[in-house]
């Protein structure tokens with residue numbers, strides 16, 4: 029059955045301690061990822077008040093003059109931390125850059141002897157807006173926790189040990205991305221094919237997207253029809269990324285999605301959205317799980333680590349040379 033809208037789930041069901049409710053959540057999540065590839069989830073731990081303040085901070089930063097924003101652009105790290113300006117990212121297979129600018133926040137470095145810290149650049153935060161760090165780091169940590177619960181459910185759905193992903197995502201290379209799809213005062217001057225975000229699959233294991241500030245997100249259904257995605261204010265939208273697709277040999281499918289330009293009369297308005305891209309540690313092996321390979325479903329992907337795959341994709345996106 030092809031769905032017209034994305035299913036809604038409550039993460040509290042999974043964490044309830046009730047085996048039946050937990051098992052139903054696992055089944056419902058797996059079914060959603062197999063049919064439409066997206067699910068709307070509440071019970072993620074972000075309060076409405078916190079979310080509102082986070083968006084205020086993000087909007088304040090993006091409405092600043094370009095020279096202030098560009099002071100937080102860090103050369104030589106493929107846009108992995110800090111500000112990434114307009115026209116810097118082009119979706120795989122497209123020639124025209126997306127109509128957006130964004131800001132990346134990664135893991136907060138800890139002094140715990142983990143070798144992984146040497147791989148990650150330090151975060152940078154705009155000193156003009158001291159609360160920007162508080163709210164983006166808070167959102168990062170809350171969504172990382174929600175993501176770990178979702179990965180436990182995914183592990184059970186795949187008949188793996190519940191903690192299968194735990195060590196693989198511990199201090200993982202996840203990114204919180206605050207995006208500003210900037211106003212287009214003159215739509216006629218746009219290069220042909222320029223859209224807010226061209227059709228793409230996410231690189232990571234799973235993505236948790238906080239309610240976007242305006243419509244525009246669409247998902248490509250299995251039959252080739254584009255379906256608009258809207259979530260309630262208290263939900264995050266969760267989808268499968270390419271790394272999980274590779275690991276499960278396309279059993280859990282990375283969902284192609286896009287952000288279309290608004291109707292002409294709304295082109296002069298901003299759109300904000302804040303996805304959390306859940307990445308594992310770079311050494312995670314993405315070799316297809318044996319349980320997902322069969323005569324009917326032969327192995328589709330070459331073996332590689334998460335770090336190798338990320339590098340390949342950053343080059344394709346034009347962020348890394």
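Residue numbers (my numbering): 29 to 349. Ideal Cβ positions, reconstructed from N, Cα and C, are used throughout, including at glycine.
Same chain, Cβ closer than 6 Å to residue i, five either side skipped, listed in chain order
i	result
residue 119	226 and 228
residue 40	71
residue 35	60 and 67
residue 250	none
residue 122	226
residue 6	Examination of residue 6 is not possible in this model, given that the chain is present from 29 through 349 alone.
Three-way DSSP call (helix, strand, coil) for residue i in this model
i	result
residue 25	Nothing can be reported for residue 25: it is not among the residues displayed for the chain, which extend from 29 to 349.
residue 177	helix
residue 358	With the chain running from 29 to 349 in the structure shown, residue 358 is simply not present.
residue 146	helix
residue 119	coil
residue 86	helix
residue 210	coil
residue 221	coil
residue 140	coil
residue 303	strand
residue 297	coil
residue 237	strand
residue 70	strand
residue 182	helix
residue 54	helix
residue 216	helix
residue 42	helix
C-beta contact flag for residue i and residue j at 9 Å
i	j	result
residue 53	residue 298	no
residue 203	residue 132	yes
residue 271	residue 328	no
residue 303	residue 237	yes
residue 78	residue 166	yes
residue 69	residue 300	no
residue 116	residue 127	no
residue 275	residue 338	no
residue 100	residue 129	no
residue 223	residue 288	yes
residue 65	residue 247	yes
Burial state of residue i (16 or more Cβ within 10 Å)
i	result
residue 268	buried
residue 253	exposed
residue 260	exposed
residue 96	exposed
residue 154	buried
residue 217	exposed
residue 201	buried
residue 323	exposed
residue 212	buried
residue 135	buried
residue 139	exposed
Close Cβ partners of residue i (< 8 Å) along its chain, the five nearest in sequence each way excluded
i	result
residue 190	180, 183 and 184
residue 177	39, 42 and 43
Pick from the options that is closest to residue i, judged by C-alpha positions
i	options	result
residue 334	65, 276, 279 and 233	233
residue 307	247, 65, 172 and 258	172
residue 82	144, 199 and 205	205
residue 108	122, 98, 149 and 140	149
residue 235	220, 170 and 305	305
residue 310	340, 266, 92 and 320	340
Cβ shell of residue i (< 7 Å), same chain only, five flanking positions each side left out
i	result
residue 273	280, 281 and 282
residue 318	none
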